[in-house]
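Enquirer:
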Amino acid sequence: MADSAEAGSDARITFKVKSSNDKMHTITMDESASVLELKTKLAGSDFEDIPADRQRLIYSGRIMKDSDALSVYKIKSMNTIHMVKSARSNAPPATASASAPTPAAVPQNMAAGSIAGDPLTGLTGARFAGHANLPSADIFGVDGGMGAPPNEDQMAEMLSNPMIAQTMNEALNNPTFIDHMIRSNPALASMPNAREMLQSPYFRNMMTNPDALRMAARMRRAMQGGGDSPFPAPGATDNTPADAPGSAAAGNSGNDDALRALFGAAGGAGSPFGANAANPFASLFGAMPPGGASAGAGATGQAPAASSGNRDAPAGSGNTPGQAGAAGQPPNPFSALFGGGALGQGANAGNPFGLPPISPEAMQQMAQMWGMGAPPAAAAAPVDSRPPEERYAEQLRQLNDMGFYDFDSNVTALRRSGGSVQGAVEYLLSNP
Amino acid sequence: MAAQVPRNFKLLAELEKGEKGMGAGACSYGLEDPEDIYMTHWRGTIWGPPHGNHENRIYELKMECGPNYPREPPEIHFVSQINLPGVSGADGKVDRNAVGILRDWTRIAAELAKNARPKEDPLSLESALIAIRKYMDENKKLPQPPEGSKYEIYK
Numbered sequence: 001m002a003d004s005a006e007a008g009s010d011a012r013i014t015f016k017v018k019s020s021n022d023k024m025h026t027i028t029m030d031e032s033a034s035v036l037e038l039k040t041k042l043a044g045s046d047f048e049d050i051p052a053d054r055q056r057l058i059y060s061g062r063i064m065k066d067s068d069a070l071s072v073y074k075i076k077s078m079n080t081i082h083m084v085k086s087a088r089s090n091a092p093p094a095t096a097s098a099s100a101p102t103p104a105a106v107p108q109n110m111a112a113g114s115i116a117g118d119p120l121t122g123l124t125g126a127r128f129a130g131h132a133n134l135p136s137a138d139i140f141g142v143d144g145g146m147g148a149p150p151n152e153d154q155m156a157e158m159l160s161n162p163m164i165a166q167t168m169n170e171a172l173n174n175p176t177f178i179d180h181m182i183r184s185n186p187a188l189a190s191m192p193n194a195r196e197m198l199q200s201p202y203f204r205n206m207m208t209n210p211d212a213l214r215m216a217a218r219m220r221r222a223m224q225g226g227g228d229s230p231f232p233a234p235g236a237t238d239n240t241p242a243d244a245p246g247s248a249a250a251g252n253s254g255n256d257d258a259l260r261a262l263f264g265a266a267g268g269a270g271s272p273f274g275a276n277a278a279n280p281f282a283s284l285f286g287a288m289p290p291g292g293a294s295a296g297a298g299a300t301g302q303a304p305a306a307s308s309g310n311r312d313a314p315a316g317s318g319n320t321p322g323q324a325g326a327a328g329q330p331p332n333p334f335s336a337l338f339g340g341g342a343l344g345q346g347a348n349a350g351n352p353f354g355l356p357p358i359s360p361e362a363m364q365q366m367a368q369m370w371g372m373g374a375p376p377a378a379a380a381a382p383v384d385s386r387p388p389e390e391r392y393a394e395q396l397r398q399l400n401d402m403g404f405y406d407f408d409s410n411v412t413a414l415r416r417s418g419g420s421v422q423g424a425v426e427y428l429l430s431n432p
Numbered sequence: 001m002a003a004q005v006p007r008n009f010k011l012l013a014e015l016e017k018g019e020k021g022m023g024a025g026a027c028s029y030g031l032e033d034p035e036d037i038y039m040t041h042w043r044g045t046i047w048g049p050p051h052g053n054h055e056n057r058i059y060e061l062k063m064e065c066g067p068n069y070p071r072e073p074p075e076i077h078f079v080s081q082i083n084l085p086g087v088s089g090a091d092g093k094v095d096r097n098a099v100g101i102l103r104d105w106t107r108i109a110a111e112l113a114k115n116a117r118p119k120e121d122p123l124s125l126e127s128a129l130i131a132i133r134k135y136m137d138e139n140k141k142l143p144q145p146p147e148g149s150k151y152e153i154y155k
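Protein chains in written order, with the UniProt record's numbering: chain Y, 1 to 432; chain F, 1 to 155.
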C-alpha cells in the first residue's frame, strides 16, 4: 500500500483536484484546513473561478463537507479530489438531509422485481455499454420507422380507439385549437366560414368517425384506379387530394361539404370550396391524368359550363377521346351526376351515372370503367418525385416483414408493380 | 484453469485507481474506512448523468465486497434516495437483475477465469458504478426525491 496519510510531518499535504472539464490542479494545503478553505482557494480565478458554494468536492467516493478538516478524509499524497459543479447553490447534501426530514414525494418502491419480467431489459442492460452493438434503427423498418404519414385506414384504425376519438372531440371543442388550426393552414385561413365549418357536427363526424374515414379512403383508392400511393404530403405536386373531394362529394351527398373540407384541409389543397364546390366534376377529371393535356382541357372546359348552369353546350368540345362513349349523349351525364339538385333533369334512363343516390359501390364501378376506358389517363399516373424509400415506405416494410430484405430489388419490384406489394412479391419470387 | 486474481490484489489496484482519480470521471469510489485492511466496505459516488432529472446531482452509494469478490459481484446500496426501478425503496439496495453487469457478473467472472485475461478487467467497482450510472441515464425522466435526501437507515 502507498505511504500512509501522515507522511508529511509538517502536516501539509499535496493533492490534485480534477474538475469536471478535466482540468487538473495540484494543491498543497495544511491538513488542518477545512474543506471550505479549499473551496475558497479553488474559487480563485487562477483555479476554477467557480463560487465556493457551487463546488462539490468528492474524494474516494464521498462528498466532502465544508466544515470538515481535510485530515478527516485521510487524503493520501498526490491523490485526486474530484470537483463537480452544481447547478445552483444548494445546501451541502449532508446538512440538507439533516434538515429535510420529509421523505420523497416520489413512489418509494418501484417494485424491485418488476424489471425481471421486462422484455426490454435484454436490450437496455448496461452490459451493452460499449461491449456490444445495439440493434440498429433498421429493426423499425426503413428510415427507422419514419415512413409515410398514416393513410386513412390507419387513421380510421386510430380513431376507433375511444380515447383518441375523445381527444379529437375535445380538441375540436376548444376554440383556441380551432384558431390555431385555421391560422396554421393557409387553405383554411383563406376561407371565411372556416370556423363554422370546423365546428359543424358534420365536420366533427368526418374527422372522428372511423367509418366515414374508411369509406373516404376506399373511394379515393377506387378513383385512383387501384394505385395505393400514400396520402400525399402537403404541397405535393400530384393532385390526388383534389380528386378526393370530388369522389367523396359524389358518394356521400349528405356529408359532401364536410368531406370536401376535410380533404381540402388535410391535403393542404388550395381553396377546396372554389372550383370543386361549384363543380366536383372538374376536380374529378383533373385528377385523372395530370400529364394528359387533353383530359385536363376537358375538365377545365367543363368547369365553367357546369357552374354556369349551361350543361350542354361546351361539353362535347371538352371531352377527351378516352371518354368518347359518354361524350356522345347530348345531356352530359357527368354534369347531371354531379349537379346535385338538378339530378333528374339531365339523366337519361340508360345511364347509371344519372341515378340518384350514388352509392360508393357505384362510384367504384365507375372508376373502374374509367380506368379501362381511358388507358392514356391510367398510363399517365401522377409523377411522384419522392425517393422510393419514402414513396414505398409502407410497402417496403411489408416486404421486409415477409422476409425480403434486399432493398434494391424490393424497390425495383415495387416500381415494376406500381407499388403493389402483391405484385412485387410475385416479381421477387419469379426473379430471385 | 487460469487462476483468479486474488481478491486483495485486485481491490488494492482498484483502490489506487479510485484514489488517484484515473477512472472515467463520472464516478468516484474509495474505502469507507482507509484503515480497513479487508477492504470490504466501500463508498462510491455517481455524478448524475446530464440532460435529465439526475443532472447536477451527486448520488452516494455504498458497496460491499464479500470474501468471494471478484467471483461474486459487490452488493451495492444507494445511500442517496433515488427513484429507480430495481432499487429498493426501503434501503436503496440495487437489484442485481436490474443492472446487466451485476446480473451477469458471475458468468463473466467464470469466463474470465477460464480464458486469458483481457487488458481491461471488465469487472470492477468502477464498471459497476458506470453501469449503474448508465442505467440511471436510461431512466432519467423519472421524478426524483429532493436532492440530498437519504434512506432512513443511513441518516
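Where a beta carbon is used, it is the ideal one built from N, C-alpha and C, also for glycine.
Computed from a predicted structure; not experimentally measured.
Note down, one range per segment and in chain order, each beta strand (DSSP E) of at least 3 residues found wholly within the region 1–27 of chain F.
Expert: The region 1–27 of chain F contains no whole beta strand (DSSP E) run of 3 or more residues.
Enquirer: Would you say Asn161(Y) faces chain C, with C-beta separation under 8 Å as the test?
Expert: Although the question refers to chain C, the structure presented lacks it and instead comprises the protein chains Y and F.
Enquirer: Pull up the distance between the alpha-carbon of Asn115(F) and that of Ala26(F), whole angstroms please.
Expert: 30 Å
Enquirer: Between the Cα of Arg12(Y) and the Cα atoms of Thr167(Y), Ser32(Y), Arg183(Y), which residue gives the shortest distance?
Expert: Ser32(Y)
Enquirer: Could you work out which residues of chain F lie near Thr412(Y), taking near to mean beta carbons separated by less than 9 Å?
Expert: Residues of chain F passing the Cβ test: none, with the nearest at roughly 40 Å.
Enquirer: Is there a Cβ from chain F that is less than 8 Å from the Cβ of Glu6(Y)?
Expert: Below a pLDDT of 50, predicted positions are generally treated as unreliable, and Glu6(Y), at 44, falls in that range; no measurement from the model is reported.
Enquirer: Measure from the C-beta of Gly61(Y) to each C-beta in chain F and report whether the shortest distance is under 8 Å.
Expert: Residue contact with chain F for Gly61(Y): present (Cβ-Cβ distance below 8 Å to some residue of chain F).
Enquirer: Tell me, which residues are paired with Ile13(Y) by DSSP?
Expert: Met29(Y)
Enquirer: Could you say if the region 136–153 of chain F and the region 69–88 of chain F meet the contact criterion of at least three C-beta pairs nearer than 8 Å?
Expert: Contact between the region 136–153 of chain F and the region 69–88 of chain F is present, because at least three Cβ pairs lie under 8 Å.
Enquirer: Out of Gly52(F), Gly92(F), Trp47(F), which has the shortest C-alpha to C-alpha gap to Ser28(F)?
Expert: Nearest Cα to Ser28(F) within the set Gly52(F), Gly92(F), Trp47(F): Trp47(F).
Enquirer: How many Å lie between Ser420(Y) and Asn174(Y) at the Cα?
Expert: 41 Å
Enquirer: Which parts of the UniProt domain "UBC core" (6–155) of chain F are runs of the alpha helix (DSSP H), unbroken and 4 residues or longer, counting only runs that do not cross its ends?
Expert: List check, alpha helix (DSSP H) in window: 7–20, 100–103, 105–114, 125–138.
Enquirer: Whose CA, out of Tyr135(F), Arg7(F), Ala24(F), lies closest to the CA of Gly52(F)?
Expert: Measuring from the Cα of Gly52(F), the nearest candidate turns out to be Tyr135(F).
Enquirer: How many angstroms separate the CA atom of Ala109(F) from the CA atom of Gln398(Y)?
Expert: 43 Å
Enquirer: In chain F, which residues lie less than 8 Å from Lys18(Y) when you measure between Cβ atoms?
Expert: Simply Gly21, Gly25.
Enquirer: What three-state label does DSSP hand residue 433(Y) in the structure shown?
Expert: Residue numbering for chain Y in the displayed model covers 1 to 432; residue 433(Y) lies beyond these limits and cannot be assessed.
Enquirer: Name the chain F residues that come within less than 7 Å of Ser86(Y), Cβ to Cβ?
Expert: Asn56
Enquirer: So, helix, strand or coil for Ile75(Y), using DSSP?
Expert: coil
Enquirer: Please list, in chain order, the chain F residues whose beta carbon lies closer than 8 Å to that of Asp22(Y).
Expert: Under the 8 Å cutoff, chain F gives Gly25.
Enquirer: Where does Met64(Y) fall in DSSP's three states?
Expert: Under the three-state reduction of DSSP output, Met64(Y) falls in the coil class, being neither helix nor strand.
Enquirer: Taking His41(F) as the reference, which of Ala24(F), Lys140(F), Pro70(F), Pro74(F) has the closest Cα?
Expert: Answer by Cα proximity: Pro74(F).
Enquirer: Would you kindly work out how many angstroms separate the C-alpha atoms of Asp95(F) and Ile182(Y), rounded to a whole number?
Expert: 53 Å
Enquirer: Exposed or buried, His77(F), counting other C-beta atoms within 10 Å across all chains shown (16 or more means buried)?
Expert: Counting Cβ neighbours within 10 Å, His77(F) comes out buried, since at least 16 surround it.
Enquirer: Using the DSSP secondary-structure output, state which residues sit across from Met24(Y) in a beta bridge.
Expert: By DSSP's assignment, Met24(Y) forms a beta bridge with Lys18(Y).
Enquirer: With a 10 Å radius around its C-beta and 16 neighbouring C-beta atoms as the bar for buried, classify Lys119(F) as buried or exposed.
Expert: When all chains shown are included, Lys119(F) counts as exposed.
Enquirer: Classify Gly251(Y) as helix, strand or coil using the three-state DSSP reduction.
Expert: Residue placement at Gly251(Y) cannot be trusted, given a pLDDT of 39 that sits under 50; what the coordinates show is reported in the next sentence. It is helical.
Enquirer: With a cut-off of 8 Å on the beta carbons, I'd call Leu11(F) and Gly30(F) a contact; round off their distance for me.
Expert: No, Leu11(F) and Gly30(F) are not in contact; Cβ-Cβ is about 11 Å, not under 8 Å.
Enquirer: What is the C-beta distance between Ala131(F) and Gly100(F), in whole angstroms, given that I count them as a contact (C-beta under 8 Å)?
Expert: 6 Å
Enquirer: Can you give the Cα-Cα distance for Arg218(Y) and Gly403(Y), rounded to whole angstroms?
Expert: Near 28 Å, if we compare the C-alpha coordinates of Gly403(Y) and Arg218(Y).
Enquirer: Using a Cβ-Cβ distance cut-off of 8 Å, determine whether Leu31(F) contacts chain Y.
Expert: yes
Enquirer: Please confirm whether Lys76(Y) and Glu19(F) have their CB atoms less than 8 Å apart.
Expert: yes
Enquirer: Along the chain, where does the alpha helix (DSSP H) containing Ile182(Y) start, and where does it finish?
Expert: 175–184 is the extent of the alpha helix (DSSP H) around Ile182(Y).
Enquirer: Can you have a look at Glu111(F) and say buried or exposed, based on whether 16 or more other CB atoms are within 10 angstroms of its CB?
Expert: Exposed, because fewer than 16 other Cβ atoms sit within 10 Å of the Cβ of Glu111(F).
Enquirer: For a cutoff of 8 Å on Cβ pairs, would you count Lys74(Y) as touching chain F?
Expert: yes
Enquirer: Leaving out the 5 sequence neighbours to the left and right, which residues in its chain are closer than 6 Å to Met158(Y) when beta-carbon positions are compared?
Expert: For Met158(Y), same chain residues with a beta-carbon under 6 Å away, outside a window of 5 residues either side, are Ile164 in chain order.
Enquirer: Inspect the beta-carbon positions of Ser34(Y) and Ser60(Y) and report whether they are closer than 8 Å.
Expert: no
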